[in-house]
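Scroll down for the structure; my scribbles are underneath it.
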Amino acid sequence: MNNATSNLPPKKSSRAPQVGFVSLGCPKALTDSELILTQLNAEGYETSKSYAGADLVIVNTCGFIDDAVKESLDTIGEALAENGKVIVTGCLGAKQDGDGQNLVQSIHPRVLAVTGPHATQEVMNAVHLHLPKAHDPYLDLVPRSVSAAGIKLTPKHFAYLKISEGCNHRCTFCIIPSMRGDLVSRPIGDVLAEAKALFESGVKELLVISQDTSAYGVDIKYRTGFWDGKPVRSRTLELTETLATIAEAYGAWVRLHYVYPYPSVDELIPLMATGRVLPYLDVPFQHSHPDVLKRMKRPASGERNLERILAWRKLCPEIVIRSTFIAGFPGETEAEFQHLLDFLKEAELDRVGCFAYSPVEGATANDLPGLIDKEQREERRDRFMKVAEEVSVRKLQKRVGSTMQVLVDKATAMGRQGGVGRTYADAPEIDGVVHLLPPQKISKTIKTGEFTKVQIVATQGHDLVGLPI
Ligand code: SF4
420 MNNATSNLPP
430 KKSSRAPQVG
440 FVSLGCPKAL
450 TDSELILTQL
460 NAEGYETSKS
470 YAGADLVIVN
480 TCGFIDDAVK
490 ESLDTIGEAL
500 AENGKVIVTG
510 CLGAKQDGDG
520 QNLVQSIHPR
530 VLAVTGPHAT
540 QEVMNAVHLH
550 LPKAHDPYLD
560 LVPRSVSAAG
570 IKLTPKHFAY
580 LKISEGCNHR
590 CTFCIIPSMR
600 GDLVSRPIGD
610 VLAEAKALFE
620 SGVKELLVIS
630 QDTSAYGVDI
640 KYRTGFWDGK
650 PVRSRTLELT
660 ETLATIAEAY
670 GAWVRLHYVY
680 PYPSVDELIP
690 LMATGRVLPY
700 LDVPFQHSHP
710 DVLKRMKRPA
720 SGERNLERIL
730 AWRKLCPEIV
740 IRSTFIAGFP
750 GETEAEFQHL
760 LDFLKEAELD
770 RVGCFAYSPV
780 EGATANDLPG
790 LIDKEQREER
800 RDRFMKVAEE
810 VSVRKLQKRV
820 GSTMQVLVDK
830 ATAMGRQGGV
840 GRTYADAPEI
850 DGVVHLLPPQ
860 KISKTIKTGE
870 FTKVQIVATQ
880 GHDLVGLPI
């Protein structure tokens, strides 16, 4: 043959290898999934929406509480039954059973490989081994169509930004450090570049996550990095200020999660008071009584949290505080529990979640004396939630009649029949929503992923009802 194509290698099948992906767990696990999916895409793998259509399935697991462990193990079992070729990653992958064997492998010995969390390269190595992608000399040099921010599993208008991995604390009820290791902060330049890429791709709300956002940079001694040719310290305040500046250029929101009440957090409040970042703090207090906090070995357990909250409110009256608590921790007396209820009433926390204490395999709290009956733990959780709901409903009612900015998560009927959105006070998935009525004016429509002004007309449980104006 003497034509132009005679030197080209033979054509290969056009079907790219298909990978099924199941992502379980918290937003931190979700960002791990996004990294793996981005890498798979960059290497030419495609994702399959069904077990049957996949050549291999990756399950990203959660191992935090018993229910999550069960869900993860069930999902692995389902993937093995439906597909047969399964790679497991995530927190459960790092867990051992009572004999020191890998828990996943001892229950599901047929899995092809198991890794812990935050292990993109290890997962990719396992994928290469069990589902090698055929080399395509035409396509392998062509960059894939992945945005600079990578693949996101969230809707286009909001995204999680993970600023660090792991945790230096050793809370006695928690096994995350044994699964995710000590704190490793991402270089500040990388974090800011990812944030900018996300805003450029249309993200209107950036949710900063980590295990301990206020500890950002501790492991690298708050090293100075560079962004946009300028030096920036790797510290929560400087990071948040710079994120706020970038977000302002795109008219977007920045929301902070998992902030511990260290004194340094006080420095963030003026940024919230001026509206540069959302006046919303997700602070996992877990308890209020100093002795319980000591038994929990909580970070910032010596801080006077109530005084601190009142001072934040003085400086930034609109601040919304979300928190999580544990009722019935080992040794919790009725007086300590009552202290927690009083704290809740005085602190007037806006959004709270509460778990009845449940022993987690491998946690040091299991060795503490004074395990409380399951029934009593649950009874305390119920009492706590009753008070929490009263506070939350009272605070929500104060919003009726006000005008608020809402980010529309879903608009119906071309934006003419209302939809669902959130105000600065509501983080996606964990807080309430605003049920949007059809817009007041016939000419007005609302659009998914865009902001709209809304008049709050009623409350509905933990949610609000609003009229786009
Ligand atoms: S701060 Fe405590 S609860 Fe949070 S990840 Fe670290 S050890 Fe676990």
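Just so we're aligned, residue 420 is where the sequence shown starts under our numbering, counting upward by one.
All residues carry an ideal CB built from backbone N, CA and C; glycine is no exception.
These numbers were taken from a predicted model, which means no experiment stands behind them.
For ligand 1, no non-hydrogen atom lies closer than 7 Å to the CB of PRO778. For ASP701, the distance from the CB to the nearest heavy atom of ligand 1 is not below 7 Å. For MET543, the enclosing alpha helix (DSSP H) has its first and last residue at 539–549. Runs of the beta strand (DSSP E) lying entirely within the region 432–515, each at least 3 residues long, are 437–442, 465–467, 475–480, 505–509 in chain order. Inclusion of HIS588 in the 7 Å shell around ligand 1 follows from its C-beta lying nearer than that to a non-hydrogen atom of the ligand.
The way I'd put it, the region 615–625 does touch the region 663–681; three or more beta-carbon pairs between them come closer than 8 Å. Within the same chain, Cβ atoms closer than 6 Å to the Cβ of ARG727 are found at PRO680, the five residues on either side in sequence being excluded. For GLN874, the shortest C-beta to heavy atom distance toward ligand 1 is 7 Å or greater.
In chain order, SER604, PRO606, ILE607, TYR635, GLY636, ILE639, TYR641, ARG642, THR643, GLY644 place their CB closer than 8 Å to the CB of SER653, counting only its own chain and leaving out the 5 sequence neighbours on each side. Here ALA538 has THR508 as same chain residues with Cβ atoms under 7 Å from its own Cβ, once five neighbours each way along the sequence are excluded. Rounded to the nearest angstrom, the gap between the Cα atoms of HIS588 and ARG717 is 8 Å. Per DSSP, reduced to three states, the secondary structure at SER742 is strand. Excluding the 5 residues flanking it on each side, GLN874 has same chain C-beta neighbours closer than 6 Å at THR822, LEU886, ILE888, in chain order.
Straight-line spacing of the CA atoms in ALA666 and LYS764 works out to 34 Å. By the 16-neighbour rule on beta-carbons within 10 angstroms, PRO446 is buried. Taking all protein chains shown into account, ASN785 has fewer than 16 neighbouring C-beta atoms within 10 Å of its C-beta and is therefore exposed.
Taking a contact to require three or more Cβ pairs closer than 8 Å, the region 452–464 and the region 525–542 qualify as touching. For GLN879, the enclosing beta strand (DSSP E) covers residues 870–879. Contact between TYR699 and TYR843 holds: their C-beta atoms lie close to 6 Å from each other, under 8 Å.
In this structure, the beta-carbon distance from ALA877 to VAL810 does not fall below 8 Å. Rounded to whole angstroms, the Cβ separation of THR867 and VAL827 is 6 Å, and the two are in contact under 8 Å. Taken in chain order, the unbroken stretches of alpha helix (DSSP H) that lie wholly in the region 651–707 and span 4 residues or more are 655–669, 688–692. CYS586 is a Cβ neighbour of ILE595, given a cutoff of 8 Å.
When only Cα atoms are considered, VAL806 and LEU760 end up about 7 Å apart. For GLN437, the CB stays at least 7 Å from every heavy atom of ligand 1. Counting along the chain, ARG841 sits inside the beta strand (DSSP E) bounded by residues 838–841.
Scanning its chain for C-beta atoms nearer than 6 Å, with the 5 sequence neighbours on each side dropped, one finds around ALA487 the residues CYS481, in chain order. Per DSSP, VAL825 is one residue of the beta strand (DSSP E) stretching across 822–830.
LEU459 has its alpha-carbon roughly 8 Å from the corresponding atom of MET543. For the set LEU531, ASP710, TYR579, LYS504, the Cα lying nearest the Cα of GLN630 is the one of TYR579. 8 Å or more divides the Cβ of GLN705 from the Cβ of THR752.
Spanning the alpha carbons of ALA471 and ILE526 requires a straight line of approximately 23 Å. Counted as a single uninterrupted DSSP element, the alpha helix (DSSP H) harbouring LYS615 occupies residues 607–619.
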